[in-house]
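A.B. asks: In our numbering, the protein residues as written are 231 to 638.
My structure is below; once you've seen it, I'll send some questions.
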Ligand SMILES: Nc1nc2c(ncn2[C@@H]2O[C@H](COP(=O)(O)OP(=O)(O)O)[C@@H](O)[C@H]2O)c(=O)[nH]1
Ligand SMILES: [Mg+2]
């Protein structure tokens, strides 16, 4: 203990106490400015000093402990440690380059648009077939239910089921894959019936009269078509034949401006045949390649509407012999079987040449395409798979079926 006494004796106590006193005075000043009451200043200063010293000592002890432990480790240990560390903290992956927005091909765009229909039709067929080893009558019956509820319609479903049954009795339907394959082939056959393709060069001006009930997408479809035809270098004129609603002509005008094409329109409530007449005259005078005529679609006055459409037909034919060259019915796919009823109605009244089926993107009822083709024998020319300008696509039966069955 002698060295302790010697060490204490060596310390300059006066200097230490003076330094401590200085610290306490400084701290008191700080604490006073922080709002500590006068009578507690000394106590608070000592307390703070004590706390500070304790923290510093603890910190030093921690550092010493670390140094001590590292010194005890063998070099092999530290190598191991390194490896462990490497295993624990994998090299941070380099930030992946942000993928450029994929330019979706036609197939993918179609696939996205038909996703709901795919799961309601092929998705359910696949789950039914999964794990089956034999194709029996029960399975065919369940298939029938799926086809009907996917909006293929009674008669189309019957057609498909008959074909499946006869293959089965011939012994050609033994595996799930064969069922899938046969369904694909039959659907394609139904959709690919003989029909005249849409040929705009058949006449100049080529007059397309667009019909359909309110809200199905007539005006939008005309806008999209105008844009596509104009892009293909055709001179396009639009006729605002829906004079029943003021907004209809304005809406067509907006599409016309977008596609940079002329729009012929009259005031609200004007005779739609008069618009048809003027539009036809303008198309001839301006040497247009294509005239797209919008029409009204109020269905609550069904008889009047059909009579009105017939009159427009007559007026067009008088002005441009052979016109309209195409009566295009626009149908909203989300209405399912209702669309089929509308198609029959319009077909009886104005003899349809083609169909544009819109809003396929928002529905599981895309099977209606098949029902329309099978029951009406009117070709589906275009399908709408979204609200964008290029979301109206020429319908291609082969692609439609392969997209539906592409479940990878
Ligand atoms: N999702 C989707 N919406 C569509 C499509 N075609 C039209 N629409 C929308 O359907 C609504 C009615 O369209 P509109 O052209 O005014 O119908 P019209 O009364 O027959 O002229 C609008 O909001 C359109 O944006 C399509 O293919 N997909
Ligand atoms: Mg409209």
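Every residue gets a Cβ at the ideal spot worked out from N, C-alpha and C, and that includes glycine.
Going straight from the alpha carbon of residue 346 to that of residue 417, what length do you get?
C.D. replies: Roughly 18 Å separates the two Cα atoms.
A.B. asks: Name the residue from 484, 475, 517 whose alpha carbon lies nearest to the alpha carbon of residue 500.
C.D. replies: Closest option to residue 500, Cα to Cα, is 475.
A.B. asks: Just curious, the alpha helix (DSSP H) that residue 394 is in, first and last residue?
C.D. replies: Segment 384-399, the alpha helix (DSSP H) holding residue 394.
A.B. asks: Suppose you measure from the CA of residue 394 to the CA of residue 588; what does that come to, to the nearest Å?
C.D. replies: Distance between the alpha carbons of residue 394 and residue 588 is about 30 Å.
A.B. asks: Expressed to the nearest angstrom, what Euclidean distance is found between the alpha-carbon atoms of residue 397 and residue 448?
C.D. replies: Near 42 Å, if we compare the C-alpha coordinates of residue 448 and residue 397.
A.B. asks: Return the residue from the list 367, 490, 442 that minimises the CA-CA distance to residue 536.
C.D. replies: Measuring from the Cα of residue 536, the nearest candidate turns out to be 442.
A.B. asks: Determine the burial state of residue 620: buried for a count of at least 16 other Cβ atoms within 10 Å of its Cβ, exposed for fewer.
C.D. replies: Exposed.
A.B. asks: Could you name each continuous alpha helix (DSSP H) segment of 4 residues or more that falls completely within the stretch 594-635, going from the start of the chain to the end?
C.D. replies: If we require 4 residues or more, the alpha helix (DSSP H) runs fully inside the stretch 594-635 come out as 598-606, 627-635.
A.B. asks: Between the alpha carbons of residue 294 and residue 285, how many angstroms are there, rounded?
C.D. replies: If you take the alpha carbons of residue 294 and residue 285, they lie about 14 Å apart.
A.B. asks: Between residue 318 and residue 288, what straight-line distance do the alpha-carbon atoms span, to the nearest angstrom?
C.D. replies: Since pLDDT at residue 318 reaches only 46, below the 50 mark, its modelled position is unreliable, and the value read off the structure follows with that caveat. So the two alpha carbons sit approximately 29 Å from each other.
A.B. asks: Could you tell me if the beta carbon of residue 583 falls within a distance shorter than 7 Å of some heavy atom in ligand 1?
C.D. replies: No; taking the cut-off as 7 Å, the Cβ of residue 583 has no heavy atom of ligand 1 nearer than that.
A.B. asks: Is the number of C-beta pairs between the stretch 407-424 and the stretch 573-591 that are closer than 8 Å three or more?
C.D. replies: Too few Cβ pairs lie closer than 8 Å, so no.
A.B. asks: Are the CB atoms of residue 336 and residue 455 within a distance shorter than 8 Å?
C.D. replies: Not a contact, by the Cβ cut-off of 8 Å.
A.B. asks: Can you tell me which of the three DSSP states residue 549 falls into?
C.D. replies: Residue 549: helix per DSSP, three-state reduction.
A.B. asks: Do residue 608 and residue 524 have their C-beta atoms within less than 8 Å of each other?
C.D. replies: No, the pair does not count as a contact, with Cβ atoms beyond the cut-off.
A.B. asks: Measure from the alpha carbon of residue 556 to the alpha carbon of each residue in 547, 564, 562, 563, then state which is nearest.
C.D. replies: That would be 547, whose Cα lies nearest to the Cα of residue 556.
A.B. asks: Could you have a look at residue 445 and say whether DSSP puts it in helix, strand or coil?
C.D. replies: DSSP places residue 445 in coil when its eight states are reduced to three.
A.B. asks: Under 8 Å, do residue 603 and residue 423 count as touching if we go by C-beta distance?
C.D. replies: In this structure, residue 423 lies closer than 8 Å to residue 603 by Cβ.
A.B. asks: Please report the straight-line C-alpha distance between residue 488 and residue 366, rounded to a whole angstrom.
C.D. replies: The straight-line gap from Cα to Cα measures roughly 56 Å.
A.B. asks: Taking the alpha-carbon positions, what's the residue 358 to residue 375 distance?
C.D. replies: If you take the alpha carbons of residue 358 and residue 375, they lie about 11 Å apart.
A.B. asks: Could you spell out where the alpha helix (DSSP H) holding residue 370 opens and where it closes?
C.D. replies: Run containing residue 370: 367-377, per the alpha helix (DSSP H) assignment.
A.B. asks: Quick one: Cα of residue 385 to Cα of residue 590, how far?
C.D. replies: If I take the Cα positions, the gap works out to 22 Å.
A.B. asks: Can residue 557 be considered in contact with ligand 1, in the sense that its beta carbon sits closer than 7 Å to one or more heavy atoms?
C.D. replies: False, no ligand heavy atom lies under 7 Å from that Cβ.
A.B. asks: Mark residue 466 as exposed unless 16 or more other C-beta atoms lie within 10 angstroms of its C-beta, in which case mark it buried.
C.D. replies: The residue in question, residue 466, is buried, as its Cβ has 16 or more Cβ neighbours within 10 Å.
A.B. asks: Straight-line CA distance for residue 402 to residue 596?
C.D. replies: Answer to the nearest angstrom: the Cα atoms are 29 Å apart.
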